[in-house]
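Here's the structure, in C-alpha coordinates; my notes come after.
Numbering (this note's numbering), first residue to last: -16 to 288.
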(Lines of atoms letter the chains of each structure in order from A and count residues from 1; the text may use other names and numbers.)
(Lines give C-alpha, C1' and ligand atoms only; values in the text may rest on other atoms or scores of the structure.)
Protein backbone atom coordinates (compact mmCIF):
# COMPACT_ATOMS: atom_id res chain seq x y z
CA UNK A 1 0.00 0.00 0.00
CA UNK A 2 2.80 2.40 0.96
CA UNK A 3 4.57 1.66 -2.30
CA UNK A 4 1.35 2.31 -4.20
CA UNK A 5 0.87 5.66 -2.44
CA UNK A 6 4.48 6.61 -3.08
CA UNK A 7 4.01 5.87 -6.78
CA UNK A 8 1.56 8.76 -7.01
CA UNK A 9 -1.22 6.66 -8.52
CA UNK A 10 -3.81 7.64 -5.85
CA UNK A 11 -3.35 11.31 -6.68
CA UNK A 12 -3.76 10.61 -10.37
CA UNK A 13 -7.03 8.80 -9.67
CA UNK A 14 -8.14 11.55 -7.27
CA UNK A 15 -7.44 14.22 -9.89
CA UNK A 16 -9.23 12.21 -12.58
CA UNK A 17 -12.20 11.69 -10.28
CA UNK A 18 -12.37 15.40 -9.43
CA UNK A 19 -12.27 16.35 -13.11
CA UNK A 20 -14.97 13.77 -13.87
CA UNK A 21 -17.20 15.10 -11.11
CA UNK A 22 -16.69 18.66 -12.37
CA UNK A 23 -17.60 17.64 -15.92
CA UNK A 24 -20.70 15.79 -14.69
CA UNK A 25 -21.77 18.85 -12.66
CA UNK A 26 -21.26 21.23 -15.61
CA UNK A 27 -23.08 18.92 -18.03
CA UNK A 28 -25.87 18.44 -15.49
CA UNK A 29 -26.21 22.19 -15.01
CA UNK A 30 -26.32 22.78 -18.77
CA UNK A 31 -28.87 19.98 -19.15
CA UNK A 32 -31.07 21.47 -16.43
CA UNK A 33 -30.86 24.93 -18.05
CA UNK A 34 -31.68 23.39 -21.44
CA UNK A 35 -34.68 21.45 -20.12
CA UNK A 36 -36.05 24.41 -18.20
CA UNK A 37 -35.18 27.05 -20.79
CA UNK A 38 -35.75 25.40 -24.16
CA UNK A 39 -39.28 24.38 -23.15
CA UNK A 40 -40.10 28.10 -23.24
CA UNK A 41 -40.22 27.96 -27.04
CA UNK A 42 -42.75 25.10 -27.18
CA UNK A 43 -46.29 26.29 -28.07
CA UNK A 44 -48.09 25.07 -24.95
CA UNK A 45 -51.82 24.41 -24.98
CA UNK A 46 -54.02 27.24 -23.74
CA UNK A 47 -56.71 26.37 -21.20
CA UNK A 48 -59.81 28.27 -20.23
CA UNK A 49 -61.29 27.79 -16.76
CA UNK A 50 -64.07 29.14 -14.60
CA UNK A 51 -62.49 30.39 -11.38
CA UNK A 52 -64.31 31.18 -8.14
CA UNK A 53 -62.49 34.40 -7.33
CA UNK A 54 -64.69 35.11 -4.32
CA UNK A 55 -67.64 33.13 -2.94
CA UNK A 56 -70.34 33.28 -5.60
CA UNK A 57 -68.22 35.35 -8.01
CA UNK A 58 -67.04 33.30 -11.01
CA UNK A 59 -64.63 34.73 -13.59
CA UNK A 60 -63.21 33.21 -16.78
CA UNK A 61 -59.43 32.87 -16.88
CA UNK A 62 -57.46 31.80 -19.94
CA UNK A 63 -53.77 31.13 -20.35
CA UNK A 64 -50.95 28.60 -20.22
CA UNK A 65 -50.31 26.55 -17.09
CA UNK A 66 -46.61 27.11 -16.44
CA UNK A 67 -46.15 25.77 -12.92
CA UNK A 68 -47.90 23.71 -10.23
CA UNK A 69 -47.07 23.45 -6.56
CA UNK A 70 -48.37 22.49 -3.14
CA UNK A 71 -48.54 25.21 -0.49
CA UNK A 72 -49.71 25.22 3.15
CA UNK A 73 -53.40 25.96 3.51
CA UNK A 74 -52.53 28.65 6.03
CA UNK A 75 -50.64 30.59 3.37
CA UNK A 76 -53.73 30.52 1.16
CA UNK A 77 -55.84 31.75 4.08
CA UNK A 78 -53.33 34.52 4.78
CA UNK A 79 -53.72 35.72 1.18
CA UNK A 80 -57.42 36.33 1.82
CA UNK A 81 -58.80 33.14 0.27
CA UNK A 82 -60.91 31.11 2.69
CA UNK A 83 -61.30 27.39 2.01
CA UNK A 84 -63.15 24.73 3.92
CA UNK A 85 -60.70 21.83 3.95
CA UNK A 86 -59.03 19.43 6.35
CA UNK A 87 -55.91 19.17 4.20
CA UNK A 88 -52.65 20.70 5.41
CA UNK A 89 -51.49 21.52 1.88
CA UNK A 90 -53.35 22.59 -1.20
CA UNK A 91 -52.44 22.79 -4.87
CA UNK A 92 -52.20 25.93 -6.92
CA UNK A 93 -51.31 26.59 -10.56
CA UNK A 94 -49.48 29.49 -12.15
CA UNK A 95 -51.28 30.70 -15.28
CA UNK A 96 -49.58 32.82 -17.91
CA UNK A 97 -52.60 34.96 -18.73
CA UNK A 98 -50.86 37.60 -20.86
CA UNK A 99 -52.89 40.66 -21.94
CA UNK A 100 -50.70 42.83 -19.73
CA UNK A 101 -51.93 46.01 -21.39
CA UNK A 102 -55.46 45.13 -20.21
CA UNK A 103 -55.06 43.36 -16.88
CA UNK A 104 -51.74 44.81 -15.75
CA UNK A 105 -49.99 41.48 -15.12
CA UNK A 106 -48.70 38.48 -17.11
CA UNK A 107 -49.08 35.71 -14.55
CA UNK A 108 -51.67 34.72 -11.98
CA UNK A 109 -51.84 32.02 -9.31
CA UNK A 110 -55.08 30.01 -9.15
CA UNK A 111 -56.00 27.75 -6.24
CA UNK A 112 -56.89 24.32 -7.65
CA UNK A 113 -60.08 23.60 -5.61
CA UNK A 114 -61.56 26.87 -6.93
CA UNK A 115 -60.95 25.95 -10.59
CA UNK A 116 -63.97 24.60 -12.46
CA UNK A 117 -64.89 23.62 -16.00
CA UNK A 118 -61.45 23.39 -17.60
CA UNK A 119 -61.56 23.58 -21.42
CA UNK A 120 -59.12 23.90 -24.32
CA UNK A 121 -60.87 25.94 -27.05
CA UNK A 122 -59.45 25.11 -30.47
CA UNK A 123 -60.05 28.62 -31.83
CA UNK A 124 -58.12 30.50 -29.14
CA UNK A 125 -55.43 32.73 -30.66
CA UNK A 126 -52.04 33.58 -29.17
CA UNK A 127 -50.55 36.81 -30.47
CA UNK A 128 -46.84 37.40 -30.00
CA UNK A 129 -46.42 41.17 -29.95
CA UNK A 130 -43.60 43.68 -30.11
CA UNK A 131 -44.75 45.10 -26.77
CA UNK A 132 -46.94 44.15 -23.80
CA UNK A 133 -46.14 40.44 -24.18
CA UNK A 134 -48.54 37.78 -25.41
CA UNK A 135 -52.23 38.33 -26.06
CA UNK A 136 -54.77 35.54 -25.57
CA UNK A 137 -58.20 35.80 -27.11
CA UNK A 138 -60.58 34.75 -29.86
CA UNK A 139 -60.58 36.03 -33.46
CA UNK A 140 -63.12 38.75 -34.08
CA UNK A 141 -62.26 40.64 -37.29
CA UNK A 142 -59.50 42.01 -39.53
CA UNK A 143 -59.55 45.64 -40.63
CA UNK A 144 -57.90 47.57 -43.46
CA UNK A 145 -57.89 51.35 -43.10
CA UNK A 146 -60.51 50.97 -40.38
CA UNK A 147 -62.87 48.92 -42.56
CA UNK A 148 -63.73 45.30 -41.72
CA UNK A 149 -62.51 42.94 -44.46
CA UNK A 150 -63.00 39.63 -42.63
CA UNK A 151 -64.72 38.48 -39.48
CA UNK A 152 -65.77 35.30 -37.72
CA UNK A 153 -64.19 32.13 -39.10
CA UNK A 154 -62.67 34.03 -42.05
CA UNK A 155 -60.77 36.37 -39.73
CA UNK A 156 -58.09 33.78 -38.93
CA UNK A 157 -57.04 33.20 -42.55
CA UNK A 158 -57.16 36.93 -43.27
CA UNK A 159 -54.99 37.54 -40.21
CA UNK A 160 -52.30 35.16 -41.46
CA UNK A 161 -52.15 36.94 -44.83
CA UNK A 162 -51.99 40.34 -43.16
CA UNK A 163 -49.19 39.22 -40.83
CA UNK A 164 -47.18 37.93 -43.82
CA UNK A 165 -47.59 41.35 -45.44
CA UNK A 166 -46.57 43.30 -42.33
CA UNK A 167 -43.59 40.98 -41.80
CA UNK A 168 -42.27 41.89 -45.26
CA UNK A 169 -42.83 45.57 -44.56
CA UNK A 170 -41.13 45.30 -41.16
CA UNK A 171 -38.09 43.66 -42.76
CA UNK A 172 -37.95 46.39 -45.42
CA UNK A 173 -38.08 49.05 -42.70
CA UNK A 174 -35.35 47.28 -40.76
CA UNK A 175 -33.12 47.08 -43.84
CA UNK A 176 -33.46 50.79 -44.55
CA UNK A 177 -32.93 51.85 -40.93
CA UNK A 178 -29.98 49.54 -40.29
CA UNK A 179 -28.30 49.40 -43.70
CA UNK A 180 -29.13 52.41 -45.84
CA UNK A 181 -29.59 55.05 -43.15
CA UNK A 182 -26.92 53.42 -41.01
CA UNK A 183 -24.42 53.75 -43.86
CA UNK A 184 -25.39 57.39 -44.49
CA UNK A 185 -25.02 58.24 -40.81
CA UNK A 186 -21.60 56.58 -40.79
CA UNK A 187 -20.47 58.68 -43.76
CA UNK A 188 -21.84 61.85 -42.16
CA UNK A 189 -19.91 61.08 -39.00
CA UNK A 190 -16.74 60.49 -41.04
CA UNK A 191 -17.11 63.92 -42.69
CA UNK A 192 -17.79 65.56 -39.34
CA UNK A 193 -14.64 64.10 -37.82
CA UNK A 194 -12.57 65.05 -40.85
CA UNK A 195 -13.86 68.63 -40.70
CA UNK A 196 -13.21 68.73 -36.98
CA UNK A 197 -9.64 67.55 -37.65
CA UNK A 198 -9.09 70.43 -40.07
CA UNK A 199 -10.36 72.87 -37.45
CA UNK A 200 -8.14 71.33 -34.79
CA UNK A 201 -5.04 71.66 -36.98
CA UNK A 202 -6.10 75.19 -38.01
CA UNK A 203 -5.96 74.24 -41.67
CA UNK A 204 -7.91 76.38 -44.10
CA UNK A 205 -8.02 73.70 -46.84
CA UNK A 206 -10.77 75.50 -48.77
CA UNK A 207 -10.81 72.90 -51.54
CA UNK A 208 -11.29 69.99 -49.14
CA UNK A 209 -13.89 71.88 -47.12
CA UNK A 210 -15.83 72.53 -50.32
CA UNK A 211 -15.64 68.82 -51.16
CA UNK A 212 -16.87 67.95 -47.66
CA UNK A 213 -19.81 70.33 -48.05
CA UNK A 214 -20.64 68.81 -51.43
CA UNK A 215 -20.46 65.25 -50.06
CA UNK A 216 -22.63 66.26 -47.10
CA UNK A 217 -25.24 67.74 -49.45
CA UNK A 218 -25.33 64.49 -51.44
CA UNK A 219 -25.68 62.46 -48.23
CA UNK A 220 -28.47 64.78 -47.01
CA UNK A 221 -30.34 64.20 -50.26
CA UNK A 222 -29.89 60.43 -49.93
CA UNK A 223 -31.04 60.59 -46.31
CA UNK A 224 -34.18 62.52 -47.24
CA UNK A 225 -34.91 59.98 -49.97
CA UNK A 226 -34.66 57.09 -47.49
CA UNK A 227 -36.83 58.99 -45.02
CA UNK A 228 -39.53 59.33 -47.68
CA UNK A 229 -39.35 55.58 -48.27
CA UNK A 230 -39.66 54.97 -44.53
CA UNK A 231 -42.69 57.25 -44.31
CA UNK A 232 -44.39 55.28 -47.08
CA UNK A 233 -43.52 51.96 -45.44
CA UNK A 234 -44.74 53.07 -42.01
CA UNK A 235 -47.99 54.27 -43.57
CA UNK A 236 -48.41 50.89 -45.26
CA UNK A 237 -47.57 48.84 -42.17
CA UNK A 238 -50.04 50.82 -40.04
CA UNK A 239 -52.88 50.16 -42.48
CA UNK A 240 -54.17 46.91 -40.98
CA UNK A 241 -55.39 45.96 -37.52
CA UNK A 242 -56.88 42.92 -35.82
CA UNK A 243 -59.73 42.75 -33.35
CA UNK A 244 -59.79 39.96 -30.77
CA UNK A 245 -62.23 39.13 -27.99
CA UNK A 246 -61.06 38.37 -24.45
CA UNK A 247 -62.69 35.92 -22.05
CA UNK A 248 -64.56 38.82 -20.46
CA UNK A 249 -66.14 39.71 -23.80
CA UNK A 250 -64.04 42.83 -24.33
CA UNK A 251 -63.09 43.42 -27.97
CA UNK A 252 -59.55 44.77 -28.33
CA UNK A 253 -58.10 46.28 -31.51
CA UNK A 254 -54.40 45.59 -32.06
CA UNK A 255 -52.36 47.15 -34.90
CA UNK A 256 -50.85 44.49 -37.17
CA UNK A 257 -47.55 46.39 -36.96
CA UNK A 258 -47.37 45.29 -33.30
CA UNK A 259 -47.93 41.58 -34.02
CA UNK A 260 -44.92 39.35 -34.70
CA UNK A 261 -46.84 36.11 -35.19
CA UNK A 262 -50.22 34.56 -34.44
CA UNK A 263 -50.91 30.89 -33.79
CA UNK A 264 -53.61 28.59 -32.41
CA UNK A 265 -51.74 26.10 -30.19
CA UNK A 266 -54.80 24.02 -29.34
CA UNK A 267 -55.44 23.35 -33.04
CA UNK A 268 -51.81 22.69 -34.03
CA UNK A 269 -50.58 19.22 -34.94
CA UNK A 270 -47.36 17.80 -33.51
CA UNK A 271 -45.46 18.63 -36.71
CA UNK A 272 -46.80 22.19 -36.67
CA UNK A 273 -45.67 22.58 -33.06
CA UNK A 274 -42.22 21.25 -33.91
CA UNK A 275 -41.97 23.72 -36.80
CA UNK A 276 -43.03 26.55 -34.50
CA UNK A 277 -40.46 25.44 -31.91
CA UNK A 278 -37.62 25.40 -34.45
CA UNK A 279 -38.62 28.84 -35.78
CA UNK A 280 -38.68 30.30 -32.25
CA UNK A 281 -35.33 28.72 -31.39
CA UNK A 282 -33.74 30.13 -34.54
CA UNK A 283 -35.22 33.56 -33.78
CA UNK A 284 -33.69 33.37 -30.30
CA UNK A 285 -30.14 32.92 -31.59
CA UNK A 286 -30.36 35.04 -34.76
CA UNK A 287 -32.55 38.07 -34.02
CA UNK A 288 -32.08 41.28 -32.04
CA UNK A 289 -33.81 41.65 -28.66
CA UNK A 290 -36.97 43.69 -28.26
CA UNK A 291 -39.20 45.06 -25.49
CA UNK A 292 -36.37 46.15 -23.18
CA UNK A 293 -34.35 42.98 -23.89
CA UNK A 294 -37.05 40.72 -22.40
CA UNK A 295 -38.11 39.14 -25.70
CA UNK A 296 -36.77 38.43 -29.15
CA UNK A 297 -33.25 37.14 -29.76
CA UNK A 298 -29.78 37.32 -28.24
CA UNK A 299 -27.73 37.61 -31.44
CA UNK A 300 -25.90 40.83 -30.39
CA UNK A 301 -24.80 39.17 -27.15
CA UNK A 302 -23.54 36.08 -28.99
CA UNK A 303 -21.74 38.20 -31.59
CA UNK A 304 -20.26 40.48 -28.94
CA UNK A 305 -19.12 37.58 -26.79
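All C-beta atoms in this analysis are idealised placements derived from N, C-alpha and C, irrespective of residue type, glycine included.
Where residue 162 sits in the DSSP three-state scheme: helix
What whole-angstrom Cβ distance do residue 56 and residue 68 have, given they're in contact under 8 Å? 6 Å
Taking residue 227 as part of the alpha helix (DSSP H), name the residues at either end of that continuous run. Residue 227 -> not in any alpha helix (DSSP H); beta strand (DSSP E) instead, spanning 223 to 228.
Give the range of the beta strand (DSSP E) segment to which residue 245 is assigned. 242 to 246
Using beta-carbon positions only, say whether residue 156 and residue 242 come within less than 8 Å of one another. no
Going by other Cβ atoms of all chains shown within 10 Å of its Cβ, with 16 needed for buried, is residue 15 buried or exposed? exposed
DSSP state of residue 185, grouped into three classes? coil
Grab the span of the beta strand (DSSP E) containing residue 126 for me, first residue to last. 118 to 127
Pick from 222, 93, 97 that is closest to residue 129, judged by C-alpha positions: 222
Inspect the beta-carbon positions of residue 100 and residue 33 and report whether they are closer than 8 Å. yes
If residue 159 sits next to residue 212, beta carbons under 8 Å apart, how far is it from one beta carbon to the other, in whole angstroms? 6 Å
The beta strand (DSSP E) with residue 66 in it runs from where to where? Taken as a continuous stretch (DSSP letters only), residue 66 belongs to no beta strand (DSSP E), as it is neither H nor E.
How about residue 94 and residue 64: are their beta carbons less than 8 Å apart? yes
One question on the structure: do residue 87 and residue 119 come within less than 8 Å of each other, judged by their Cβ atoms? no
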